[in-house]
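*Asks:* Sharing a structure here in structure tokens format.
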Amino acid sequence: MANSSKTTPAEAPVATVPASPSMSVIAPAVAWLIPGAGHLVQKRWIRGLLIMASITIMFVLGLLMQGRVYQPNGGDILDILGFVGDVGAGGLYIVTRVQGWGHGAIAHATADYGTKFLIVAGLLNFICAADAYHIAIGKKP
Amino acid sequence: MTLELSHFTAAVLFSVFASVVFGITQRSTSRDQIRYGLYCFALFVGGVFLAGWVMWILRH
Chain A
1 MANSSKTTPA EAPVATVPAS PSMSVIAPAV AWLIPGAGHL VQKRWIRGLL IMASITIMFV
61 LGLLMQGRVY QPNGGDILDI LGFVGDVGAG GLYIVTRVQG WGHGAIAHAT ADYGTKFLIV
121 AGLLNFICAA DAYHIAIGKK P
Chain B
142 MTLELSHFTA AVLFSVFASV VFGITQRSTS RDQIRYGLYC FALFVGGVFL AGWVMWILRH
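Residue numbers (this note's numbering), protein chains in the order written: chain A, 1 to 141; chain B, 142 to 201.
As structure tokens, this is what we get:
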């Protein structure tokens, strides 16, 4: 009788306790500003550090490869989308603009890879911010 | 300081970082995250080789 209702730890439901309501706002905002921080503030240390390292290294590699840093613009649709991707990197993009790093135009062939690295780093950070939000509302452990 | 990577190195680095983020964000448990990250990495690198061979065939 007692054995029939016993569950092993592997079968136990995963606890998805939602954090405080304010965390559902703070986590994605912090995650956008500092890649990985949305997970770190919710004590997901390993995930947060891996995300921080991946996105930061990707963004820095993009800069070192002389990738193009898009600025706010209302011109060509690809330029607008490039800016949206870049701005996803949050604080990294802000620091880059303030310091005047990056290039406005592609100088050599492989620099196009750098442009893609910069854009994808920002887009990945958007995904991470959404993931931090899902953790905050208890949708994901 | 300027970094000029080869096409393959750039593609592999891209694959590593994108796979890490995909693994963490698209799965819930640690085991599934590692498996999915490796799966994405294999698809990325496999896609690189496939695209390389397709371009070689088109050229010849």
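Built from N, CA and C at the ideal position, the CB exists for glycine as well. All values reported here derive from a predicted model rather than from experimental measurement.
Are there 16 or more other CB atoms within 10 angstroms of the CB of B/T150, so buried, or fewer, so exposed?
*Replies:* The residue is exposed, with fewer than 16 neighbouring Cβ atoms inside 10 Å.
*Asks:* In angstroms, rounded to a whole number, what distance separates the CA positions of B/H148 and A/T110?
*Replies:* Near 8 angstroms, if we compare the C-alpha coordinates of A/T110 and B/H148.
*Asks:* Pull up the distance between the alpha-carbon of A/I80 and that of B/V195, whole angstroms please.
*Replies:* For A/I80 and B/V195, the distance between alpha carbons rounds to 31 angstroms.
*Asks:* Go ahead and pull the three-state DSSP assignment for A/H103.
*Replies:* The answer is strand: DSSP assigns A/H103 an E or B state.
*Asks:* List the residues that DSSP assigns as beta-bridge partners of A/R68.
*Replies:* Note: A/R68 sits in a beta bridge opposite A/H103.
*Asks:* Leaving out five residues before and five after A/N73 in sequence, what residues of the same chain have Cβ atoms less than 7 angstroms from its Cβ?
*Replies:* D79, I80, F83.
*Asks:* Does A/A12 come out as helix, strand or coil in the three-state DSSP assignment?
*Replies:* Low confidence applies to A/A12: its pLDDT is 46, below 50, so where it sits in the model is not reliable enough to give any reading.
*Asks:* Look up A/T96 in the DSSP assignment and say whether it is helix, strand or coil.
*Replies:* It is helical.
*Asks:* Looking at chain A, is there any beta carbon in it that lies within less than 8 angstroms of the beta carbon of B/L184?
*Replies:* Chain A contact via Cβ: absent.
*Asks:* Counting C-beta neighbours from all protein chains within 10 Å, is the total for A/P141 16 or more, i.e. buried, or is it exposed?
*Replies:* By the 10 Å Cβ count, A/P141 comes out exposed.
*Asks:* Assuming A/D86 is part of the alpha helix (DSSP H), what are its boundary residues?
*Replies:* Unbroken alpha helix (DSSP H) run through A/D86: 77–87.
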